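Here is the structure we will look at.
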Amino acid sequence: MPDPERLGAILNEALLAAGLGALGTMARLAAADRPLLTGGFLLHALAGGSLGTGAWLIARAVELEGWWLFAVPWLAGTLGYAALHDLLLRVLNRRLGGP
Numbered sequence: 230m231p232d233p234e235r236l237g238a239i240l241n242e243a244l245l246a247a248g249l250g251a252l253g254t255m256a257r258l259a260a261a262d263r264p265l266l267t268g269g270f271l272l273h274a275l276a277g278g279s280l281g282t283g284a285w286l287i288a289r290a291v292e293l294e295g296w297w298l299f300a301v302p303w304l305a306g307t308l309g310y311a312a313l314h315d316l317l318l319r320v321l322n323r324r325l326g327g328p
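Heads up: the sequence shown begins at 230 in my numbering, then just goes up one per residue.
In structure tokens form, the structure reads like this:
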């Protein structure tokens, strides 16, 4: 049976990583002069949070420690979603016959 104290600490780290990923995405959107109170903004923040959590899992797997463990989720939320979003738009435009 897992140790509840250790599991609680790991869950707290995962939530912090998700929050950092979401904040990174929000910072990127705010810098792009987009309206912040829209439904799309919420979806972008959720996507950044999930990217942050995934990046945190990878950072833990490669045994990063200290600030790096939380810098990786921030960068994933800030840069990762933009790259995935642009790639997805290119693929959809090609499939739908767009420019």
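Beta carbons are placed, not taken as given, at the ideal position from N, Cα and C, and that holds for glycine. Keep in mind the model is a prediction, meaning the values are calculated, not measured.
Three or more Cβ pairs closer than 8 Å define a contact, and the stretch 285 to 301 falls short of that threshold against the stretch 315 to 328. The beta carbon of Ala305 is closer than 6 Å to those of Gly250, Leu280, Gly281, Ala284 in its chain, skipping five residues each way along the sequence.
Between the alpha carbons of Leu240 and Ala246 lies a gap of roughly 10 Å. DSSP places Leu308 outside any alpha helix (DSSP H), giving it a letter other than H or E. Remark: C-beta atoms of Gly248 and Gly278 approach each other more closely than 8 Å. Spatial neighbours of Pro302 in its own chain (CB-CB distance under 6 Å, excluding positions within 5 residues in sequence) are listed in chain order as Ala246, Leu249, Gly250, Gly281, Ala284, Trp285.
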